[in-house]
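Quick note: the sequence shown, position 25, residue 163 per this note's numbering, numbers continuous.
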Amino acid sequence: MSHCPFCKKKIAMSKAFCSRSCKENYFQLIAIQIPKLFMKRIHTFCTEEEKEVEIEKFALRHKWRIDLLQNKIEEESIRLGYKTAPAEND
Ligand SMILES: [Zn+2]
């Protein structure tokens, strides 16, 4: 068994993704690049509301799906130390 790289569902070894939409989402997620300055701006100068607006504008400008962009920003925030990773459940 192998795992879908996007949703982590178990899939047959012969498949790369569990579905067409997972494949599309996965490649879109990889394509999303978030400049460090943007990360710094939304975490340093924006309130939560302003941050949401900025993220929405950013998604629209690049025609990215907002939920994917939010996921990526979440990951990056943790990676860059703006946020601490959620506690892992054992
Ligand atoms: Zn999947």
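We put the beta carbon where it would ideally sit given N, CA and C, even for glycine.
Could you pull out every residue in the same chain whose Cβ sits closer than 8 Å to the Cβ of residue i, ignoring the five residues on either side in sequence?
i      : result
ILE216 : THR222, ALA223
LEU206 : ASN163, GLN166, LEU167, ILE170
ALA197 : ARG203, ILE204, LEU207
LYS174 : LEU218
In its own chain, which residues sit with a C-beta less than 7 Å from the C-beta of residue i, not counting the 5 before and 5 after it?
i      : result
ILE172 : LYS210, ILE211, GLU214
CYS160 : CYS142, PHE144, CYS145
GLU194 : ILE204
CYS184 : GLU192
Considering only DSSP beta bridges, list what residue i is partnered with.
i      : result
ILE149 : SER140
Using a Cβ-Cβ cut-off of 6 Å (strictly less than) and excluding sequence neighbours within five positions of residue i, which residues of its own chain qualify?
i      : result
PHE155 : CYS142, LYS161
LYS147 : CYS156
Next item on the list: List in chain order the residues whose CB is within less than 6 Å of at least one heavy atom of ligand 1.
Entry: CYS142, PHE144, CYS145, LYS147, PHE155, CYS156, SER157, CYS160
Note to self: Ignoring anything shorter than 4 residues, give me the alpha helix (DSSP H) runs that lie fully in the region 159-195, in order along the chain.
What the structure shows: 174-182
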